[in-house]
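Enquirer: Here it is: the structure, laid out below.
Next comes the structure, spelled out in structure tokens:
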């Protein structure tokens, strides 16, 4: 299921979302002494990242990662790892740890096996997950056009991370699988603009998850997805 949080201005959304996430992370820190946050890339979250980076929480015990990443070098303009370092891991949040999805070399079975072990031992389940959504209804790198979409959405997939090769977008990807994203304690979808509102409405009009993978989060009765939207 979902709950829509509608904002008139993107700056209002950024500040409200930053306050909410800071509170959720602080609660996790109080309960267990550590917290984990997975974010998504693109231009939409930049303002939210900056607002969150100024929050006065115990950042040195927070681990930040990405819901997915393109298999590109850090220097690439397509690198979401670079985006997060430049826009979130600054100010007070510079003290946070970062769990890298992109490793040196190829995205092969050995690399994936090690990443899965590290994620399961040190990161999961996520305390806070911030998702984005593409025009095709993909989220993270759960692309409807990929040959891997069925396994990526399968609830019985024991892999936390897997390689995805989208047919309609550049670069190979590494993504957390739906089975493990769905276990996150707090799930938020962050979208902006009239176009994304249309996509959101389409996603809510049917339940075919393979066609629009974001439906797996919006229509699962066991998941409370908070949708943050602004024009």
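Residue numbers (the numbering used here): 7 to 237. C-beta: ideal position from N, C-alpha, C; glycine also.
1) Less than 8 Å between the C-beta atoms of residue 103 and residue 60, yes or no?
2) Please return the same chain residues whose Cβ sits closer than 6 Å to the Cβ of residue 66, not counting the five positions on each side in sequence.
3) Between the Cα of residue 236 and those of 170, 200, 83 and 118, spot the shortest distance and give me the residue it belongs to.
4) Once you ignore the five residues that flank residue 56 on each side, which residues in its own chain have a CB closer than 7 Å to its CB?
5) Just curious, the alpha helix (DSSP H) that residue 45 is in, first and last residue?
6) Give a yes or no on whether the C-beta atoms belonging to residue 174 and residue 142 are separated by under 8 Å.
7) So is residue 127 buried or exposed if we call it buried at 16+ other beta carbons inside 10 Å?
8) Out of 145, 197 and 196, which has the shortest C-alpha to C-alpha gap to residue 172?
9) For the candidate residues 17, 73, 222 and 125, whose alpha-carbon lies nearest to that of residue 164?
10) Compare the beta carbon distance of residue 185 and residue 209 with 8 Å and say whether it is the shorter of the two.
11) Would residue 118 and residue 187 qualify as a contact pair, given that the criterion is a beta-carbon distance under 8 Å?
12) According to the Cβ coordinates, are residue 204 and residue 8 closer than 8 Å?
13) CB-CB under 7 Å to residue 178, same chain, minus the five flanking residues each way: which ones, in chain order?
14) Going straight from the alpha carbon of residue 108 to that of residue 211, what length do you get?
15) As a quick exercise: from 48, 214, 11 and 30, pick the residue whose alpha carbon is nearest that of residue 72.
16) Just list the residues that DSSP pairs residue 15 with in beta bridges.
17) Can you tell me the Cα-Cα spacing of residue 29 and residue 39, whole angstroms?
Expert: Quick look at the numbers:
1) no
2) 101
3) 200
4) 93
5) Here residue 45 belongs to no alpha helix (DSSP H); instead the beta strand (DSSP E) covers 41-45.
6) yes
7) exposed
8) 145
9) 125
10) no
11) no
12) no
13) 77, 113, 169 and 171
14) 35 Å
15) 48
16) Residue 15 is not bridged to any residue.
17) 14 Å
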